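For reference, the structure is listed below as structure tokens.
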Amino acid sequence: MNEPNERSFTLAELVERFGGELLGDPEGRVWRVATLECAAATDVSFFTNPKYRRQLEATRAGAVILARHDAHYTERSRIVSANPYAYFAKVSALLNPPRHWAAGVDPSASVHPNAQIDPTATLGAFVRVGEGARVGARTVIGAGCVLGDGVSLGADSLLHPRVVIYDNCALGDRVILHSGVVIGADGFGLAMDEGRWRKIPQVGRVLVGDDVEVGANTTIDRGAVEDTVIEEDVKLDNQIQIGHNCRIGAHTAIAGCVGIAGSTRIGRYCRIGGSAMIGGHLEIVDNVEISGAAAIAKSILKPGTYTALFPVSRHEDWLRNASHLRHLDALAGRIRELERHLAELERTKS
Amino acid sequence: MNEPNERSFTLAELVERFGGELLGDPEGRVWRVATLECAAATDVSFFTNPKYRRQLEATRAGAVILARHDAHYTERSRIVSANPYAYFAKVSALLNPPRHWAAGVDPSASVHPNAQIDPTATLGAFVRVGEGARVGARTVIGAGCVLGDGVSLGADSLLHPRVVIYDNCALGDRVILHSGVVIGADGFGLAMDEGRWRKIPQVGRVLVGDDVEVGANTTIDRGAVEDTVIEEDVKLDNQIQIGHNCRIGAHTAIAGCVGIAGSTRIGRYCRIGGSAMIGGHLEIVDNVEISGAAAIAKSILKPGTYTALFPVSRHEDWLRNASHLRHLDALAGRIRELERHLAELERTKS
Amino acid sequence: MNEPNERSFTLAELVERFGGELLGDPEGRVWRVATLECAAATDVSFFTNPKYRRQLEATRAGAVILARHDAHYTERSRIVSANPYAYFAKVSALLNPPRHWAAGVDPSASVHPNAQIDPTATLGAFVRVGEGARVGARTVIGAGCVLGDGVSLGADSLLHPRVVIYDNCALGDRVILHSGVVIGADGFGLAMDEGRWRKIPQVGRVLVGDDVEVGANTTIDRGAVEDTVIEEDVKLDNQIQIGHNCRIGAHTAIAGCVGIAGSTRIGRYCRIGGSAMIGGHLEIVDNVEISGAAAIAKSILKPGTYTALFPVSRHEDWLRNASHLRHLDALAGRIRELERHLAELERTKS
Numbered sequence: 001m002n003e004p005n006e007r008s009f010t011l012a013e014l015v016e017r018f019g020g021e022l023l024g025d026p027e028g029r030v031w032r033v034a035t036l037e038c039a040a041a042t043d044v045s046f047f048t049n050p051k052y053r054r055q056l057e058a059t060r061a062g063a064v065i066l067a068r069h070d071a072h073y074t075e076r077s078r079i080v081s082a083n084p085y086a087y088f089a090k091v092s093a094l095l096n097p098p099r100h101w102a103a104g105v106d107p108s109a110s111v112h113p114n115a116q117i118d119p120t121a122t123l124g125a126f127v128r129v130g131e132g133a134r135v136g137a138r139t140v141i142g143a144g145c146v147l148g149d150g151v152s153l154g155a156d157s158l159l160h161p162r163v164v165i166y167d168n169c170a171l172g173d174r175v176i177l178h179s180g181v182v183i184g185a186d187g188f189g190l191a192m193d194e195g196r197w198r199k200i201p202q203v204g205r206v207l208v209g210d211d212v213e214v215g216a217n218t219t220i221d222r223g224a225v226e227d228t229v230i231e232e233d234v235k236l237d238n239q240i241q242i243g244h245n246c247r248i249g250a251h252t253a254i255a256g257c258v259g260i261a262g263s264t265r266i267g268r269y270c271r272i273g274g275s276a277m278i279g280g281h282l283e284i285v286d287n288v289e290i291s292g293a294a295a296i297a298k299s300i301l302k303p304g305t306y307t308a309l310f311p312v313s314r315h316e317d318w319l320r321n322a323s324h325l326r327h328l329d330a331l332a333g334r335i336r337e338l339e340r341h342l343a344e345l346e347r348t349k350s
Numbered sequence: 001m002n003e004p005n006e007r008s009f010t011l012a013e014l015v016e017r018f019g020g021e022l023l024g025d026p027e028g029r030v031w032r033v034a035t036l037e038c039a040a041a042t043d044v045s046f047f048t049n050p051k052y053r054r055q056l057e058a059t060r061a062g063a064v065i066l067a068r069h070d071a072h073y074t075e076r077s078r079i080v081s082a083n084p085y086a087y088f089a090k091v092s093a094l095l096n097p098p099r100h101w102a103a104g105v106d107p108s109a110s111v112h113p114n115a116q117i118d119p120t121a122t123l124g125a126f127v128r129v130g131e132g133a134r135v136g137a138r139t140v141i142g143a144g145c146v147l148g149d150g151v152s153l154g155a156d157s158l159l160h161p162r163v164v165i166y167d168n169c170a171l172g173d174r175v176i177l178h179s180g181v182v183i184g185a186d187g188f189g190l191a192m193d194e195g196r197w198r199k200i201p202q203v204g205r206v207l208v209g210d211d212v213e214v215g216a217n218t219t220i221d222r223g224a225v226e227d228t229v230i231e232e233d234v235k236l237d238n239q240i241q242i243g244h245n246c247r248i249g250a251h252t253a254i255a256g257c258v259g260i261a262g263s264t265r266i267g268r269y270c271r272i273g274g275s276a277m278i279g280g281h282l283e284i285v286d287n288v289e290i291s292g293a294a295a296i297a298k299s300i301l302k303p304g305t306y307t308a309l310f311p312v313s314r315h316e317d318w319l320r321n322a323s324h325l326r327h328l329d330a331l332a333g334r335i336r337e338l339e340r341h342l343a344e345l346e347r348t349k350s
Numbered sequence: 001m002n003e004p005n006e007r008s009f010t011l012a013e014l015v016e017r018f019g020g021e022l023l024g025d026p027e028g029r030v031w032r033v034a035t036l037e038c039a040a041a042t043d044v045s046f047f048t049n050p051k052y053r054r055q056l057e058a059t060r061a062g063a064v065i066l067a068r069h070d071a072h073y074t075e076r077s078r079i080v081s082a083n084p085y086a087y088f089a090k091v092s093a094l095l096n097p098p099r100h101w102a103a104g105v106d107p108s109a110s111v112h113p114n115a116q117i118d119p120t121a122t123l124g125a126f127v128r129v130g131e132g133a134r135v136g137a138r139t140v141i142g143a144g145c146v147l148g149d150g151v152s153l154g155a156d157s158l159l160h161p162r163v164v165i166y167d168n169c170a171l172g173d174r175v176i177l178h179s180g181v182v183i184g185a186d187g188f189g190l191a192m193d194e195g196r197w198r199k200i201p202q203v204g205r206v207l208v209g210d211d212v213e214v215g216a217n218t219t220i221d222r223g224a225v226e227d228t229v230i231e232e233d234v235k236l237d238n239q240i241q242i243g244h245n246c247r248i249g250a251h252t253a254i255a256g257c258v259g260i261a262g263s264t265r266i267g268r269y270c271r272i273g274g275s276a277m278i279g280g281h282l283e284i285v286d287n288v289e290i291s292g293a294a295a296i297a298k299s300i301l302k303p304g305t306y307t308a309l310f311p312v313s314r315h316e317d318w319l320r321n322a323s324h325l326r327h328l329d330a331l332a333g334r335i336r337e338l339e340r341h342l343a344e345l346e347r348t349k350s
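Protein chains in written order, with this note's numbering: chain A, 1 to 350; chain B, 1 to 350; chain C, 1 to 350.
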């Protein structure tokens, strides 16, 4: 929970700023966001997931942001919005403004004399910046980050501690990289040659568009030959692996632990569930949703939602059922045989 | 293997300390642990997994810790215990005492003047500690770790090199964090708003209880609004991802590469196998065991073991069998139709 | 893409160095590698994947490396090779020689006085090297790496920034470790003892052979008792987790996001697809190929390709089909019953 930050707003002020319809007390004052369950009278909360309806009915929040068709579940003050979650995002951003960082380079940082650091940028302790690297205006680089030679960062970006960006990768404006992110490591390019692996030099870069956010310990490999590209407003959760030469289309969101093998192209506005795996050299078109844990081995050329989940059961039930999977073809053959046999029986009967 | 450490014990001394029944030479002296296969006469080993019975029969260990019903498989000295693996843990801890660290702050460390570092704590090279952070007695912080502002660490904890803890997270006593761990990065909170993603500020913290161990490169996100909570004695292996707002119950153990999506609650004394994936907003009650690689998309409200493994087969067999999965409903329909047909045939026959 | 590097070669020179048959202009000069799609007249490209045949037919590359049976798809200059991908690897390595690093220790590095650093080695900013560690000739250690006490690195190795190697692990020559790699963290060894977990000291090491490459954020745990072993020429992609006591055989290649639980032995020349999961205490023999996303719960004792992929379908189709998986045993029973019934009908008929 954030510390009291002396920013508080009346509900009337919120509605004036962000629109929506207020049901309840316009003078009600909130200064914190909270869940329906934990909210007190000075907190603002939101409701979008029907799972939490009981919490909505019992909430003591100072105000709840919700859709019109849910407004009757509580008598607390409400702000009715067509997009309650986005509305909540705006209110939370208002109540929790981003931290201010003093501009300047920490004396412990190691910056190559030929790097160009904007005077309004902030470099933390033990940051290493290589030759020819560029850091844009107001960009903040956390402790222990390493920027290789020729790396280019735009403006208003935030690198949390311990990010590594390999040589020559280029990132846009308003990019957020969380700790442990590695951008531009070599792709997995190997040729078997007389019984030993021979490394393919990975000479492409990684290009990252504006407004991209990358979660902790996610890795994005540089291209083998051309560049790996992450388009604008792509959102990557933690521990994702993106192979060399991939292109991820704008506004696509990928949940944690997803692996995407090399040379795959993913469209715009896709949503990929956690722990999904997407094979190499595939094409996924725009507006595809892939359910969590699905392993995708073929291209997907039509928008829609795709799933490949093995249903969970008690272990003893699984034992009994799963053994048949190795004999499905035989089972299908036996059904065909039964059908043939029965038809014959019918024929001879008549 | 550890270096000779001049700590050795007779079997009589071990049994005096830790209980159990000694079968064999009480004056036998051991100073090292070893596997059954590699053990020499000065080594102590253990047996719990029936897979290794042949190694037990052939072992040359100075002593083997095992259960009574396995004691007849070898004539080497044995220590009979009701819990051989825990007994072995105690013996190994006795023979391999934790490393001693000299108290003090490495001169290269960057510690905010308002941080409170216990004088018995150890801070390694290039450690960065933020404003208002607190480090408890005898806690060791390895090289390159970064503690954000307001982070609180208890006593007797060990952070291996290159751990990052974001602002305001709070950890208990005797916590072990391995290299690459990231605690408190932003959860994956996004609202789609007129074609672009809008970030939900992640204002909760991560709270970690006493005696928690977290494996290398594991990530635990801070709460979106309230806190993410890891209760006492939880054990997390490497490369696990825990989403925002999760609560993991005390004494639960989670194997490597598991992903747990946001707002899921996992009970006490659960065991989750490697590479399992657990969806968001779910509840898993106490004493649930989830098999490796299972993807859990629904809450589990009864204790027990749950499995969802697609059986492996040779690729050509898989090709033949798996194609039917896309037509299971049709197959089931054909079976129903056959049953109906056959019953009708029966009826008309009689 | 790499910067112009003033290295260019005629096709005649390439064939003289690396063999193969040249079809086309021996005086054609190339200085860059490129994909078929992007290549210009001064670029050399290659063709191995039939998916890209259209790009081959349309390419404007200065030369294409390909197999004899593909040589007729283009009239551009070609180099015919029995192993086009390995040939391309050699050409790319020629055109993109490894970066040269000046020998020496960065003044910001923290090196224990009892460490042995070869004078031809390079240590970057904020590197920490522990007591008794050894770094071989021409080995390069990137910014922020941490080598524990007693770590041993061979010659001609490259550690990218922010690698951690725990105490006493030993690596061979020509090893490449990418950023975020953690070698030698404690394995997941725990014994439940009267309701609490008891830690098993992890006293083995990690041994890494010559010519091993390890991808970004991959973790390899130290042995519980004996050592974890990665044999020569093993290639590991990003975000792989290898549990304690594993042995990975020489020349095996493992793609991203794979998890291998403890005490499993994998043979030589295996290939393991991305996001596969391999259980503990298993044996996988030489020359096994495991498809992406397969979860392996039993040993594999015969060479071959093994698969366990749940086929993807549209969500609504999946809903209809997957529900039957929980009743496969009942379906199989109904087929048996139908067969029995039909046979009886036959009998009574005749």
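Even for Gly, the Cβ is constructed at its ideal location relative to N, Cα and C.
Just so you know, these numbers come straight off a predicted model, no measurement behind them.
- Within chain B, no residue has its beta carbon less than 9 Å from that of Gly273/C; the closest one is some 11 Å off.
- DSSP places Thr264/C in the coil class of the three-state scheme, outside both helix and strand.
- Residue-level contact check: His178/A does not touch chain C, since none of the beta carbons of chain C fall below 8 Å from its beta carbon.
- Of Tyr269/C, Glu194/C, Val258/C, the smallest CA-CA separation from Met192/A is found for Tyr269/C.
- In this structure, Gly273/A and Ala297/A do not form a Cβ contact; the two beta carbons are roughly 16 Å apart against a cut-off of 8 Å.
- By the criterion of a C-beta distance shorter than 7 Å, Phe47/C is surrounded in its chain by Leu36, Leu56, Val64, Leu66, Asp70, Pro84, once the five residues flanking it on both sides are discounted.
- Neighbours of Leu171/B across chain C, judged by C-beta separation under 8 Å, do not exist; the nearest C-beta is about 17 Å away.
- Looking from the CA of Arg99/A, the closest CA among Val164/A, Asn238/A, Ala170/A, Thr122/A belongs to Thr122/A.
- Sorting Asp186/C, Thr74/C, Val225/C, Arg60/C by C-alpha distance to the C-alpha of Asp43/B places Val225/C at the top.
- When DSSP states are grouped into helix, strand and coil, Asp25/C belongs to the coil group.
- In summary, the residues of the stretch 236-252 of chain B whose CB is separated from some CB of chain A by less than 7 Å are Gln239, Gln241, Gly243, in the order they occur in the chain.
- Residues of the stretch 282-293 of chain B with a C-beta atom less than 7 Å from some C-beta of chain A are Ser291, listed in chain order.
- At least one beta carbon of chain B lies nearer than 8 Å to the beta carbon of Gly259/C.
- In the pairwise beta carbon analysis, the stretch 193-203 of chain C is classified as not touching the stretch 146-157 of chain C: fewer than three pairs are separated by under 8 Å.
- For secondary structure counted as the alpha helix (DSSP H) over 4 or more consecutive residues, the stretch 266-348 of chain A holds these complete runs in sequence order: 315-322.
- Nearest to Val229/A by C-alpha distance, out of Asp237/A, Ala250/A, Thr218/A, Ala216/A, is Ala250/A.
- Counting other Cβ atoms within 10 Å of its Cβ, Pro113/A stays below 16 and is therefore classed as exposed.
- Nearest C-alpha to Asp118/B among Gly130/B, Val163/B, Ala137/B: Ala137/B.
- DSSP places Lys90/C inside the alpha helix (DSSP H), whose first and last residues are 84-95.
- Considering only beta carbons, the part of the stretch 317-328 of chain C lying closer than 9 Å to chain A consists of Asp317, Trp318, Leu319, Ala322, Ser323, Leu325, Arg326, His327, Leu328, in chain order.
- Interface with chain C (8 Å Cβ-Cβ cutoff): Leu338/B is included.
- Interface annotation, Val33/B: in contact with chain C, CB-CB separation under 8 Å.
- The stretch 230-239 of chain A makes contact with the stretch 209-222 of chain A: 3 or more CB pairs, one atom from each, lie closer than 8 Å.
- A direct Cα-Cα distance of roughly 9 Å separates Glu213/C from Lys199/A.
- The DSSP assignment places no complete run of the beta strand (DSSP E) inside the stretch 147-184 of chain B (cut-off: 3 residues).
- If you draw a straight line from the Cα of Asp167/B to the Cα of Val175/B, it comes to about 18 Å.
- Between Ala185/C and Arg222/C the beta-carbon gap is near 7 Å, inside 8 Å, which marks them as a contact.
- Taking the C-beta atoms as reference points, Ile290/A is found nearer than 8 Å to Ala276/A.
- Between Val182/B and the set Gly172/B, Gly148/B, Ser157/B, the nearest pair of CA atoms involves Gly148/B.
- Taking 8 Å as the cut-off, the beta carbon of Val234/A is found closer than this to the beta carbon of Thr252/A.
- For Val15/C, there is no enclosing beta strand (DSSP E); the enclosing alpha helix (DSSP H) has its first and last residue at 11-18.
- Runs of the beta strand (DSSP E) lying entirely within the stretch 48-78 of chain C and spanning at least 3 residues, in chain order: 63-66.
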